[in-house]
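Okay, structure first, notes after.
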Amino acid sequence: MDTYTFTVDEPLKGFIVNARPWSKTAKEYVAFKGKVRLFADVAGVPEEIPAGYRAIVSLAVAWKKKARIDLSNIQKAVEDGLFVRDRGIGEIHATRIQHTGIERVSITVG
0 MDTYTFTVDE PLKGFIVNAR PWSKTAKEYV AFKGKVRLFA DVAGVPEEIP
50 AGYRAIVSLA VAWKKKARID LSNIQKAVED GLFVRDRGIG EIHATRIQHT
100 GIERVSITVG
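If you count by numbering that gives the first Met the number 0, then the sequence shown holds residues 0 to 109, one letter each, in order.
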């Protein structure tokens, strides 16, 4: 598997646990996952991790607001958006950068 890098700009939406599927929050989450997949498609990231491979994913999440970001929720949203089956992710590295004035996630998949 090659290495791919791309950036998804705001709004970032993290994984949601208790939202009803038809709620505004759930719809925003699904839209964000679709946006991740769209940018992944443009970058050439395969929808599935090839057999015998483990993906390594690195995230740099920039957050513009004062509210604390839940990095693990953004991480899960990116995993769900990247691959049909994310069990093949062998490693994931995530960095949170707060109060930047911008909101985006830079993603590298190898």
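A virtual CB, placed ideally from N, CA and C, is assigned to each residue, including glycine. Quantities reported herein were computed from a predicted structural model and do not represent experimental measurements.
Distance, Cα to Cα, residue i vs residue j?
i: Asp-69; j: Val-104; result: 13 Å
i: Leu-81; j: Lys-32; result: 8 Å
i: Arg-95; j: Lys-64; result: 12 Å
i: Lys-12; j: Gly-51; result: 31 Å
i: Val-44; j: Ala-30; result: 18 Å
i: Ala-59; j: Gln-97; result: 11 Å
i: Val-108; j: Ser-71; result: 17 Å
i: Glu-78; j: Glu-90; result: 11 Å
i: Glu-9; j: Ala-76; result: 13 Å
i: Ile-88; j: Val-56; result: 7 Å
i: Ile-106; j: Ser-22; result: 27 Å
i: Val-35; j: Pro-20; result: 19 Å
List the DSSP bridge partners of residue i.
i: Phe-5; result: Ile-106
i: Ile-96; result: Ala-61
i: Val-56; result: Ile-91, Val-108
I'd like to know whether the C-beta atoms of residue i and residue j end up nearer to each other than 7 Å.
i: Ala-61; j: Ile-101; result: yes
i: Gln-74; j: Ala-54; result: no
i: Val-83; j: Glu-27; result: no
Give every residue of the same chain whose Cβ lies closer than 7 Å to the Cβ of residue i, excluding the five residues on either side of it in the sequence, and list them in chain order.
i: Thr-24; result: Ile-15, Ala-18
i: Asp-85; result: Glu-78, Asp-79
Only counting the same chain, and skipping five residues up and downstream in sequence, which positions put a Cβ closer than 8 Å to that of residue i?
i: Thr-99; result: Ala-61, Trp-62, Lys-63
I want to know whether the stretch 2-11 touches the stretch 30-49 - three or more CB-CB distances under 8 Å.
yes
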